[in-house]
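Quick look at the structure:
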């Protein structure tokens, strides 16, 4: 079970009906369809549909937002893609479509793909395209001035990247991408991966405050990953991720019955750091969460 957090600035599950034109962002940004971009049941990595771009002018656009101003900091763009036709242009996988914005795309006239400053210069790129007609997980992640491109969890390109990426509108599929895309996520302030990893096995879940409606106690828990120390809400997301819970769980009792023993055993494995307050679901003095 993958769980999302407050670093997520765009999260598209590409879930809808066959030939549907409604795309919902979990981070609540508007998504506009250009051309014939739609959800299709023909191919999907998770759920019942994915987004389909037919290679002839299909685009999803997202309005300019400060969340897309990556600056010189850490960030990650990742998605699942089922390529059908790469074409000879430079199709956008996800790009901040303004000069100096971050561009994740294929390089025109080559088999290179990876990172660029939109409209200015190419950066760290892999030299072999993901193969067609099969699903691949791809990602671009920058950590402390180093950009890495991942294909199916393996680093396929790496190099220095200290560019100051500016704000602009988001664009997916522009310049004639022919592909299905599923589970596209943009994260700001974090490099999700810095070395080889196992690609996600399920869709990401954004934990919302309404899910915490059963919180009725406060506990204390040592958390070994300080990136989640931003607030108790993201700590709660981290705890669920560490415990690999299957969501949604509909009641506090269901959670406690199914998971309390695992949670108690798991959080004992954490390497102690300064104690951090964590909201937990509980009843009658039950339970803490972590691993």
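Numbering (my numbering), first residue to last: 50 to 340.
All C-beta atoms, glycine included, are put in the ideal place defined by N, C-alpha and C.
query	result
Among 91, 191 and 228, which residue has its Cα nearest to the Cα of residue 239?	191
How big is the Cα-Cα spacing for residue 179 and residue 200?	7 Å
Identify the residues that DSSP records as bridge partners of residue 29: which are they?	With the chain running from 50 to 340 in the structure shown, residue 29 is simply not present.
According to DSSP, is residue 67 part of a helix, a strand, or is it coil?	coil
Is there at least one non-hydrogen atom of the ligand MG closer than 7 Å to the beta-carbon of residue 247?	This structure lacks the ligand MG, and indeed carries no ligand of any kind.
Rounded to the nearest angstrom, how far is the Cβ of residue 172 from that of residue 210, given a contact under 8 Å?	6 Å
According to DSSP, is residue 143 helix, strand or coil?	strand
Based on the DSSP output, what are the partners of residue 88 in its beta bridges?	69 and 100
For the candidate residues 233, 102 and 203, whose alpha-carbon lies nearest to that of residue 246?	203
DSSP three-state call for residue 326: helix, strand or coil?	Annotation note: pLDDT 32 at residue 326 (below 50); position unreliable, coordinate value reported separately. Looking at residue 326 - three-state DSSP - the assignment turns out to be strand.
Tell whether a beta-carbon distance below 8 Å holds between residue 189 and residue 196.	yes
Could you check the C-alpha separation between residue 248 and residue 232 for me, to the nearest Å?	12 Å
Just the Cα atoms here: how many angstroms apart are residue 111 and residue 250?	27 Å
If you draw a straight line from the alpha carbon of residue 224 to that of residue 160, how long is it in whole angstroms?	15 Å
State the Cα-Cα distance for the pair residue 222 and residue 162, rounded to the nearest angstrom.	14 Å
Quick check: what's the CA-CA separation for residue 136 versus residue 142?	13 Å
Check residue 115 in the structure and name its three-state DSSP category.	helix
Assign residue 172 to one of three DSSP states: helix, strand, or coil.	strand
Check residue 307 in the structure and name its three-state DSSP category.	Summary for residue 307: the model assigns pLDDT 41, below 50, so the residue's position carries little reliability; its value from the coordinates is reported in the next sentence. In this structure, residue 307 counts as helix in the three-state DSSP scheme.
Nearest to residue 194 by alpha carbon, out of 234, 254 and 124?	124
Label residue 46 either buried or exposed according to how many other C-beta atoms from any shown protein chain fall within 10 Å of its C-beta, with 16 as the threshold for buried.	Lying before the first or after the last residue shown, residue 46 is absent from the chain, which here runs from 50 to 340.
Give me the DSSP bridge partner(s) of residue 152.	144 and 165
Who does residue 246 pair with in a DSSP beta bridge?	Looking at the DSSP assignment, residue 246 forms no beta bridge with any residue, so it has no partner.
Between the alpha carbons of residue 244 and residue 69, how many angstroms are there, rounded?	37 Å
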